[in-house]
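Oh and the sequence shown: position 38 is 101 in this note's numbering, straight run, nothing missing. We treat Cβ as the ideally placed atom computed from N, Cα and C, and that holds for glycine. Only a predicted model underlies this, so the values are computations on that prediction, with no experimental measurement involved.
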Amino acid sequence: MHLKCIFLDFFLHEHQKRDIIHTITRRKTMLINQTSNSNSARIIGQNLARQSADMLQKYTSHHRILYVSDPSSYEAFTNFFPLIEGRFHLYDASPTASRDDADELAHLIDDAELVIGIGSGTINDLCKYAAFQRGIPYIIIATAPSMNGYTSANASLLHDGHKQSFACHAPILCIADLDLLAHAPARLRAAGVGDTLCRSVIMTDIALAHHLCGAPTYADYFAMTHKNELQLVHSLETERGVGIESTKTLMTMLLDAGDAMHCAHSSAPASQGEHMMAHLLETLAPDVTEGVYHGELISITTLAYAALQEQCIQQTLEGFTPVAFPKNMVIAPCDPDLHASWHRAYEEKRAMLLPEAQRPALPVMPARLPYDALTSALRYAGCPLTWEDIGGEAHDVQHALNYARFTRARWTYLDLMPYIVV
Ligand SMILES: [Zn+2]
């Protein structure tokens with residue numbers, strides 16, 4: 064049995080994934096790395112591009128495949144992969160990750176039995192959504208270690224004026240060639256680091272949420288990812304940036320994060336207060352965030368948020384009472400529907416709170432990467448460190464710190480803002 068099995072069952076079973084991997088591993092020099100609870104098969108390694116292309120060509124030659132890419136990803140890809148024959152949908156310019164574009168791509172799929180995306184965030188989201196709409200599997204050949212959505216089961220697409228998350232299926236296979244990934248544009252590699260090193264502030268929030276409402280702690284995932292993070296921080300320093308070693312660790316962590324979100328049926332393991340701040344800043348200051356990669360923005364909010372969490376180290380939760388949703392969010396103007404959805408989310412969040420007597424003990428901040436260490440790792444990676452670095456004004460960050468807690472049904476250290484005694 065070989066890669067043909069991908070056509071037999073959209074929802075692959077573990078043995079089918081192993082068959083795919085077995086098929087691929089018969090070709091030497093590949094490093095296979097599949098976590099036990101992963102949802103997408105993955106191949107990470109050096110010098111595997113040509114072999115993967117040959118393998119894909121051979122095993123899919125009797126099937127109808129649509130390859131999808133954008134000009135810059137395609138150019139980078141062809142430097143490492145031989146030209147793959149097949150139907151190609153190559154965008155003229157960089158596409159937008161929007162629902163409209165994804166719907167259009169779903170029409171273009173026509174009679175294809177498999178979609179193979181070649182690209183990073185936007186291509187991945189478009190292909191994932193379009194293939195899901197047509198009920199066929201897809202494979203992603205990653206061209207940049209830029210974000211953690213490769214293996215998640217949702218697509219982040221612009222719809223009705225703002226980014227929304229749409230449920231999809233994860234790819235059946237992600238191919239991550241380290242030579243290709245290590246040559247991705249520096250800003251994209253830095254963005255991947257930003258979207259990864261938020262682990263520390265996320266884990267701290269999750270411990271608080273566990274205390275306040277019994278939310279899951281994802282302990283196994285965080286134990287694994289914290290170990291990889293130590294390696295990543297070390298290699299960023301020794302390579303003075305994102306080189307081959309750090310790319311390998313970074314890509315593993317990005318795929319692990321996607322798997323963790325898939326398993327959790329939630330973005331919670333990879334998105335807490337720092338992401339809530341980032342999304343609010345996108346609403347507050349679209350002129351500043353336009354053209355800024357997601358992970359670059361997360362680098363900025365992670366640092367601002369780490370500083371807030373450090374201020375809370377000595378705080379107790381004595382006197383903690385959640386405040387009401389503000390009548391006039393000073394951050395208006397914004398879409399009334401969005402405002403109403405924030406209000407609903409906040410009420411849902413208040414309803415989740417456990418009575419004080421039933422709350423588990425509040426743990427000390429777990430496996431924290433201190434602010435200074437975080438700053439230096441993000442600096443080595445080439446990430447922007449402050450909102451001012453990308454042309455923003457300081458009061459926007461203060462608004463995000465004050466108001467992001469009202470935008471999502473997640474208890475985080477943002478909720479402790481009114482109680483911080485400096
Ligand atoms: Zn993210």
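DSSP state of residue i mapped onto helix, strand, coil
i, result
"R105", "strand"
"Y130", "strand"
"N211", "coil"
"K311", "helix"
"G338", "Reading off the sequence shown, one finds His at residue 338, where the question assumed Gly. In this structure, H338 counts as helix in the three-state DSSP scheme."
"S228", "strand"
"I269", "helix"
"N142", "coil"
"N217", "strand"
"R90", "Note that R90 scores a pLDDT of 39, beneath 50, so its modelled location is shaky and nothing firm can be said."
"D155", "coil"
"L177", "strand"
"C326", "helix"
"L236", "strand"
"G182", "strand"
"I376", "coil"
"Y476", "helix"
"H222", "strand"
"R197", "helix"
"R431", "coil"
"A424", "coil"
"I203", "strand"
"R150", "strand"
Contacting residues, own chain, Cβ-Cβ under 6 Å from residue i (five flanking each side not counted)
i, result
"G168", "In the sequence as displayed, the identity of residue 168 is Leu instead of Gly. Excluding sequence neighbours, L168 sits near L189, A193."
"F73", "Residue placement at F73 is poorly supported in this model, since its pLDDT is 34, which falls under 50; the coordinates still yield a value, given next. Excluding residues within five positions, the ones whose Cβ falls inside 6 Å are P200."
"M289", "The identity of residue 289 in the sequence shown is His, whereas the question assumes Met. Closer than 6 Å at the Cβ level, and outside the excluded window around H289, lie A430."
"L477", "G336, A467, R468"
"E456", "none"
"A369", "V264, Y434, L437"
"H402", "none"
"R162", "L220, H222"
"K415", "In the sequence as displayed, the identity of residue 415 is Met instead of Lys. C276, listed in sequence order."
"G182", "S132, D133, S136, T206"
"E345", "T352"
Neighbourhood of residue i by C-beta distance below 7 Å, restricted to the same chain and skipping five residues each side
i, result
"G454", "V351"
"N217", "S228, F229, A230, C231"
"L371", "L464, Y476"
"I361", "G257, D258, C261, E337, H338, A341"
"E308", "S298, E302"
"H195", "Rather than His, the amino acid found at residue 195 in this sequence is Phe. Excluding sequence neighbours, F195 sits near C231, H232."
"D459", "L344, L347, A348, W450"
Any non-hydrogen atom of ligand 1 closer than 7 Å to residue i Cβ
i, result
"A333", "yes"
"H342", "no"
"I363", "no"
"I258", "Reading the sequence as shown, one finds Asp at residue 258 and not Ile. Within the cutoff, so yes."
"N465", "no"
"H325", "no"
"H357", "yes"
"H338", "yes"
"N217", "no"
"N211", "yes"
Beta-carbon contacts of residue i that lie in its chain and below 8 Å, excluding the five residues immediately before and after
i, result
"A249", "G304, V305, G445"
"T423", "The question names Thr, but residue 423 in the sequence shown is Pro. The answer, listed in chain order, is H273, H274, G277."
"L366", "Y434, L437, T438, L441, L448, T449"
"P332", "I265, I269, Y281, Y284, F285, A320, A323, M324"
"R150", "R127, I128, L129, Y130, A175"
"D452", "I363"
is_contact[residue i, chain B] using C-beta, thresh 8 Å
i, result
"D268", "No chain B appears in this structure, which consists of one protein chain only."
> Can we say the region 228-235 touches the region 258-266, given the rule of at least three CB pairs closer than 8 Å?
Replying inline: no
> Does the region 359-377 come close enough to the region 427-439 that 3 or more CB-CB pairs lie under 8 Å?
Replying inline: yes
>> Taking 8 Å as the cut-off, does the region 444-454 touch the region 247-262 (at least 3 CB pairs, one atom from each stretch)?
In response: yes
> Are the region 320-330 and the region 409-421 in contact at 8 Å, needing three or more beta carbon pairs?
Replying inline: With a cut-off of 8 Å, the region 409-421 and the region 320-330 do not count as touching, because too few Cβ pairs lie within range.
> Can you find at least 3 beta carbon pairs, one from the region 234-253 and one from the region 203-214, that sit closer than 8 Å?
Replying inline: The region 234-253 makes contact with the region 203-214, as at least three CB pairs between them are under 8 Å.
> Does the count of Cβ pairs from the region 278-289 and the region 355-366 closer than 8 Å reach three?
Replying inline: no
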